[in-house]
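The next block holds one structure in the form of structure tokens; read it before the comments.
In our numbering, the protein residues as written are 2 to 289.
Now the structure itself:
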């Protein structure tokens, strides 16, 4: 990835120096990652500019970020829809009615309520990454939403966290909290997003960067690909679902999910090979 990014960067830079009018205009007006980087870096104050190596490496990170996690989310959505053909059919009809196969704008995509609810619920219950480590750089205090009691009966409303502590942050604790989402918090129910969320969620001030979820972490340390990654399943289904129908492919062993840094599907419990076999047919053939 880095070597290919470097090739593209050097080629653009050389052409710019030669004064190729078409490419100069492309970089000046382009919305591709490389053009944006080159334009922003050139406009920056000299003391703030990134070196060529830094630009290339940053671009490589952005291009490659979220590939595994997006694949995980898409696989989970495909499995859920294969196991719930009634929801898949309703989703297909919503997309057909919206003429999704002809292309949708961002606003049109967001108005597809069923599609949106399916994708959000999967991100809530099945985040592709379920925990991350974080190192504490300075002494701080971790506030608690509810007090806890120590073994000697003392009440604690916060936890002192000294510098150098390594924290393991779990996402499912918040995403599937019964106190926030109700007694069915562990269940995948897309319809919960088709009406206003409970006040326990909206009033909780969850610091996530997307949709009251911590799936993408929060704040300046949040996932830089949060919004594109959240939209990618919707874009994929908008393109594929009107044309194809998929269902589960029966094996002697069930589909399991390997708990790795990024969760991925496998056939059986002993495999390490990522795979999600599906039976796919053109929609017109499936109706015949």
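Glycine included, every Cβ here is placed at the ideal spot set by N, Cα and C.
State yes or no: is the C-beta of residue 142 nearer than 7 Å to some heavy atom of the ligand COA?
Of ligands this structure carries none, so the ligand COA is not represented either.
Taking only runs of the alpha helix (DSSP H) that begin and end inside the segment 180-220, which ones reach a length of at least 4 residues, in chain order?
200-203
Tell me the rounded alpha-carbon separation between residue 83 and residue 90.
Here residue 83 refers to the residue found at position 82 when the chain shown is read from its first residue. Here residue 90 refers to the residue found at position 89 when the chain shown is read from its first residue. Cα to Cα, residue 83 sits roughly 10 Å from residue 90.
What residue range is occupied by the uninterrupted beta strand (DSSP E) comprising residue 158?
Start at 1 with the first residue of the chain shown, and residue 158 comes out as number 157. It spans 156-162 - the beta strand (DSSP E) in which residue 158 sits, taken as one unbroken run.
For residue 234, three-class secondary structure by DSSP:
For the purposes of this step, residue 234 is taken as residue 233 along the chain shown, with counting starting at 1. Correct three-state label for residue 234: helix.
Beta-ladder partner(s) of residue 258, from DSSP:
Within the chain shown, residue 258 is the residue found at index 257, counting from 1. Note: residue 258 sits in a beta bridge opposite 266.
For the beta strand (DSSP E) containing residue 248, name the first residue and the last one.
As a first step, residue 248 is located in the chain shown; it is residue number 247 there, counting from the start. First-last of the beta strand (DSSP E) with residue 248: 245-249.
Since residue 150 sits in a beta bridge, which residues does DSSP pair it with?
Here the question's residue 150 lines up with position 149 in the chain shown. DSSP lists 156 as partners of residue 150.
Inter-residue spacing [alpha-carbon to alpha-carbon] between residue 236 and residue 111
In the chain shown, residue 236 corresponds to position 235, counting from 1. In the chain shown, residue 111 corresponds to position 110, counting from 1. In a straight line, the C-alpha of residue 236 is about 10 Å away from that of residue 111.
Which residue spans inside the segment 65-138 form an unbroken alpha helix (DSSP H) run of at least 4?
68-84, 86-98, 107-111, 114-126
Return the CA-CA distance between residue 189 and residue 72, expressed in angstroms with no decimal places.
Residue mapping note: residue 189 aligns to position 188 of the chain shown, counting from 1. Residue mapping note: residue 72 aligns to position 71 of the chain shown, counting from 1. Going from the Cα of residue 189 to the Cα of residue 72 covers about 19 Å.
Which of the three DSSP states is assigned to residue 282 in this structure?
The sequence position of residue 282 within the chain shown is 281, counting from 1. Strand, per DSSP.
Chain-order list of residues whose beta-carbon lies under 7 Å from that of residue 187 (same chain, five-residue window excluded)
Taking the chain shown and counting its residues from 1, the one referred to as residue 187 is at position 186. Excluding sequence neighbours, residue 187 sits near 177.
Note the first and the last residue of the continuous beta strand (DSSP E) segment covering residue 168.
The residue you call residue 168 lines up with position 167 of the chain shown. From DSSP, the beta strand (DSSP E) with residue 168 extends over 167-171.
Cutoff 6 Å; reference residue 151; Cβ partners in own chain excluding five residues on either side
One-based indexing of the chain shown puts residue 151 at position 150. Correct list: empty, nothing qualifies.
Would you call the segment 148-168 and the segment 118-131 in contact, with 3 or more CB pairs under 8 Å?
no
Taking all protein chains shown into account, do 16 or more other C-beta atoms lie within 10 angstroms of the C-beta of residue 209, making it buried, or fewer, making it exposed?
Position 208 of the chain shown holds residue 209. Classification of residue 209: buried, given that the 10 Å Cβ count is 16 or more.
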